[in-house]
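A quick write-up on the structure given underneath.
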Amino acid sequence: MYTSWYRFDLRVKVILHMLGGNNVTPLELFGEGNISLYVASISVMGSAQKKDHLWVKWVNGVYLRGTTWFDYSASSSSTWAWKRICRIKNTVRAGNVGNWWLKEGNSYTVSQGYMWRCPGSAPVRWHQQVWNRICLPKHSFINWLFVLGRLQTKLRMNHLGYSGDLLCFLCAAATESSTHLFFECPYSAKCVQVVASKLGMYIPVTGTWLWWEQTGFSSAFHKTFVGASLCALIYRIWLTRNHSLHNGVLVRPIWTKSLIPELVFRCKSVVNSKLIVSHGQWLSNM
Numbered sequence: 025m026y027t028s029w030y031r032f033d034l035r036v037k038v039i040l041h042m043l044g045g046n047n048v049t050p051l052e053l054f055g056e057g058n059i060s061l062y063v064a065s066i067s068v069m070g071s072a073q074k075k076d077h078l079w080v081k082w083v084n085g086v087y088l089r090g091t092t093w094f095d096y097s098a099s100s101s102s103t104w105a106w107k108r109i110c111r112i113k114n115t116v117r118a119g120n121v122g123n124w125w126l127k128e129g130n131s132y133t134v135s136q137g138y139m140w141r142c143p144g145s146a147p148v149r150w151h152q153q154v155w156n157r158i159c160l161p162k163h164s165f166i167n168w169l170f171v172l173g174r175l176q177t178k179l180r181m182n183h184l185g186y187s188g189d190l191l192c193f194l195c196a197a198a199t200e201s202s203t204h205l206f207f208e209c210p211y212s213a214k215c216v217q218v219v220a221s222k223l224g225m226y227i228p229v230t231g232t233w234l235w236w237e238q239t240g241f242s243s244a245f246h247k248t249f250v251g252a253s254l255c256a257l258i259y260r261i262w263l264t265r266n267h268s269l270h271n272g273v274l275v276r277p278i279w280t281k282s283l284i285p286e287l288v289f290r291c292k293s294v295v296n297s298k299l300i301v302s303h304g305q306w307l308s309n310m
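The opening residue of the sequence shown carries number 25 in the working numbering; numbering runs sequentially from there.
In C-alpha cells:
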C-alpha cells in the first residue's frame, strides 16, 4: 500500500511540476483538471456508479472514515499531495451542481474540468488546419507557431533587438516576415505550384488557407489531406529557410514534391483502413 501511495504522490507532483506563483496558468488549470479525477473518484464512493478501485476504498477507510467527502478537511499531518487534492476539492465543489457526478451515465473528464475553469475560452478557426491526425507532430507544431505569428523571422527578431539585414533568405528581394514567406516569396510560391501539381488541383498563393476553408472538396478526407499537405509545405519552407541560414545552401523547390508520398504513407498508418480503401485510387495517383 505504501508503494501505491508513493506512486500516486509522485504522479501528483509530476502533474503539478513547474506550477506556482500567484497567477493561474493554463498549465495549472490542466493540472488541477487531472487531479480532479481523484476528487470525482472519491465522490462516487457508495453510489451505484462505484468502481472496484482499491485506492478509493483505502482513502475512504483511512482518511474519510464515514465523513462526507465535501465536508472533509485534511489534517496538518497529511501528505503534500493529499492536501493539494483537498484544496482542489474545495475549488471544484462549486462545479458539482446537484451531484451530477453521481447521476447515472455521468462521469468526470479532464476536458470538462478544464473547460469549466476556462469559461471564456472559444474555439479558434484554425484548429482543423493545424491539429489533424494526418499531420506529423513536427508539422503541426511549426504551423501552430505560424498561425500565432511566433515564427522567428527576421522582422520579428528585429523587434526583439536583431540588428542584421531583413532580407528574405529564400529570395533576397523583400523583408522576411511570415506573410512574405507564406506565400508572397517567389520561392515559396513556386513550392505551392509544385505541391498543387502533385495534388492535381489549383492552389492560390494568396489567401491559401482561406481558399482551403471555403473550397468544397469531394469528401472530408480529401479536405483533411489537402490541409495536411499545406501544413507539410509550410514546414518544408521553414526548414529550407533555416537550412539556408545555417548552411548557406538553398535547395530547389522541386524538393517539396516528396512531401505528398510521405503523407500517403502517414495516412496508411493512422487512418481507418475502410477509409483508405474508399480513397485508394485517389491516393495511388499521388
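Glycine included, C-beta positions come from ideal geometry on N, C-alpha and C.
Asked                                                                                                                        : Found
Three-state class that DSSP yields for residue 191 in the structure shown                                                    : strand
Cα-Cα separation, residue 92 to residue 148                                                                                  : 41 angstroms
Meets three-Cβ-pair contact criterion under 8 angstroms: the region 267-286 and the region 181-189                           : no
Other residues of its chain near residue 274: CB distance less than 6 angstroms, five sequence neighbours each side excluded : 268
Buried versus exposed call for residue 74 [16 or more other C-beta atoms within 10 Å across all chains shown]                : Residue confidence is low: residue 74 scores 49 on pLDDT, short of 50, so the model does not pin down where it sits. No coordinate-derived value is stated.
Whole-angstrom distance between residue 116 and residue 98, CA atom to CA atom                                               : 16 angstroms
Endpoints, the alpha helix (DSSP H) within which residue 281 is located                                                      : Residue 281 -> no alpha helix (DSSP H), and no H or E assigned at all.
Under the three-state DSSP convention, the category residue 199 falls into                                                   : strand
Neighbour flag for residue 259 against chain D, beta carbons, 7 angstroms                                                    : The structure shown has no chain D; it contains just one protein chain.
Sequence-distant residues of the same chain with beta carbon closer than 7 angstroms to residue 213, five excluded per side  : 207 and 229
Cβ contact (3+ pairs, closer than 8 angstroms) linking the region 162-181 and the region 302-310                             : no
Option nearest residue 263 by Cα separation, candidates 88, 107 and 283                                                      : 283
Test item: CB-CB of residue 218 and residue 227 under 7 angstroms                                                            : no
Residue 158 - containing alpha helix (DSSP H), residue span                                                                  : Residue 158 -> no alpha helix (DSSP H), and no H or E assigned at all.
Residue 106 burial status per 10 Å Cβ neighbour count (16 or more: buried)                                                   : buried
Status (buried if at least 16 other CB within 10 Å, exposed otherwise) for residue 201                                       : buried
Contacting residues, own chain, Cβ-Cβ under 8 angstroms from residue 243 (five flanking each side not counted)               : 303
CA-to-CA distance, residue 159 to residue 290, given in whole angstroms                                                      : 8 angstroms
Residue 112 versus residue 77: straight-line alpha-carbon distance, rounded                                                  : 21 angstroms
As assigned by DSSP and simplified to three states, the class of residue 230                                                 : coil
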